[in-house]
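First comes the structure, then the notes that go with it.
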Amino acid sequence: MKSLIIFLFLFSTAYAESSYVRLYNFKSPYGVDWESPRSLFFSVAKNLVAHKLGFRNNSKEIGHNAIELSCRNRDGTKKSLFTGMASHASTTEALDLLFLKNSGLGVLLHRYKGRHETHEDLESVIKKGVSNGDINSITYLIDDSKCSDLLKHNERWVQNKAYLNYGLQERPETYTGSGCSAYAMSFIKDFKIANEKQYNSWLKTIYIDKELIGPHNRQAYTQDKQGLYEVIDGNGPSIFRLILQSRWASPFNKAALKLNFWSPDAMYDWVAKRLKPGQTDLQISVL
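Note that the numbering used here has the sequence shown beginning at 8, numbered continuously upward.
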């Protein structure tokens, strides 16, 4: 028994001192149904209305992800990072695209103006979300050099002002922009911290019929104080046509546009299934 107590003490002490990267998973109020364009529209609308009317104290209508880093320096001190990707006005901008610009599924391809979330943006929101069950997390214990690489990854992200471009179609590996989940996953997947068995089920793929893609922005944002690009009304599909779509395009349709993206709800559910009662964080050592 004495040896067991010593082992547990040493293990907990090692965890407290280890470098780590933590992925926070924000679930949406009622889930996002990606089965078809119609189910996507109605599920997101339900989530948005639930928050606006006070049925759910959860403003993340499509879910969200954030990243926390704690890196141990050679002198024993630590350097931390608490951040994520968000847009300046994704909800209002998306509604404008759908209802006023006839953007249709172009809303999924639109390049929104993004911003880097800060510790101040996230700390209280995460504390509250964890408390009410809307947020869980997965923590990877990593070696110090790997953690240093992740800090440099974020520094390069800031230097390139990649945070200015937000959307599902952006690719963080090019340091030009990202969605919230792809940005978070760039720390986990691109640096080979998590294995494919863990995250394969988090990835979603849809095929979009180009006839359902209306006007949207693809110009890059390059300055923090830059205004939003104007999207000119076009002959895109109306919201009513979008609602009638009961399926995505076939993957065999060569003219269809393939879109891969990460699902915060899938991440949340995967972690929740592996947590013990009362836990909110799943710990994995990759040391």
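Note that CB positions come from ideal geometry on N, CA and C, so glycine has one too.
Boundaries (first-last residue) of the alpha helix (DSSP H) holding residue i
i      : result
Asn54  : Pro44 to Lys59
Tyr275 : Pro271 to Ala279
Neighbourhood of residue i by C-beta distance below 6 Å, restricted to the same chain and skipping five residues each side
i      : result
His71  : Phe33, Cys187 and Pro271
Lys85  : Ser77 and Arg79
Lys120 : His95, Tyr228 and Leu235
Leu112 : Ile215, Leu219 and Ile220
Asp82  : none
Met192 : Trp269
Lys265 : Tyr214
Glu296 : There is no way to answer for residue 296, as the model of the chain reaches only from 8 to 294.
Val137 : Thr287
Coil, strand or helix - residue i by DSSP
i      : result
Leu102 : helix
Arg254 : coil
Ser155 : helix
Ile220 : strand
Leu282 : coil
Phe89  : strand
Arg118 : coil
Gly111 : strand
Leu249 : helix
Asn267 : strand
Ala262 : coil
Given residue i as reference, the closest of the options once Cα atoms are compared
i      : options                           : result
Arg281 : Ser144, Tyr190 and Ser245         : Ser144
Leu47  : Lys159, Ile215 and Asp197         : Ile215
Ile142 : Asn267, Val293, Ser292 and Asp288 : Asp288
Cys154 : Tyr27, Leu294, Pro284 and Val293  : Tyr27
Val293 : Gln226, Thr181, Ile133 and Ile200 : Ile200
Thr212 : Leu171, Asp40 and Ser87           : Asp40
Arg45  : Lys283, Ala169, Ile246 and Thr125 : Ile246
Asn242 : Pro222, Phe259 and Phe194         : Pro222
Thr181 : Tyr173, Ala169 and Gly174         : Ala169
Gln286 : Leu171, Asn139 and Phe259         : Asn139
Ile291 : Ile195, Val114 and Leu175         : Ile195
Leu104 : Pro244, Arg122 and Pro258         : Pro244
Lys135 : Asp240, Phe106, Asn161 and Asn65  : Asn65
Terminal residues of the beta strand (DSSP E) in which residue i lies
i      : result
Val28  : Ser26 to Phe33
Tyr214 : Leu210 to Ile215
Ser292 : Asp288 to Ser292
7 Å CB neighbourhood of residue i in its chain, flanking five on each side removed
i      : result
Asn224 : His117, Arg118, Tyr236 and Val238
Ser43  : Gln252, Ser253, Arg254 and Trp255
Trp277 : Ser208 and Trp209
Gly61  : none
Tyr163 : The amino acid occupying residue 163 in the given sequence is Arg; Tyr does not appear at that position. Only Tyr182 meet the Cβ criterion.
Ala101 : Val114
Val51  : Val39, Glu68 and Ile69
Ser19  : Interpretation of Ser19 is limited by its pLDDT of 45, a score under 50 that renders its predicted location unreliable; the figure taken from the coordinates is listed afterwards. If we look at Ser19 and ignore the five residues flanking it on each side, it has no Cβ neighbours.
Own chain, CB closer than 8 Å to residue i, minus 5 neighbours either side, in chain order
i      : result
Arg63  : Pro36, Tyr37, Asn54 and Ala57
Glu177 : Arg118, Thr183, Gly184, Ser185, Gly186 and Ala189
Asn167 : Tyr182 and Thr183
Ala279 : Asn143
Glu130 : Phe89
**Prompt:** What residue ranges within the stretch 124-206 form continuous alpha helix (DSSP H) runs of no fewer than 4 residues, ordered along the chain?
**Reply:** Qualifying alpha helix (DSSP H) stretches, in chain order: 126-139, 151-166, 187-195 and 203-206.
**Request:** Could you tell me which uninterrupted beta strand (DSSP E) segments, each at least 3 residues in length, are contained entirely in the stretch 60-84, listed from first to last along the chain?
**Result:** Here the runs fully enclosed are 71-79.
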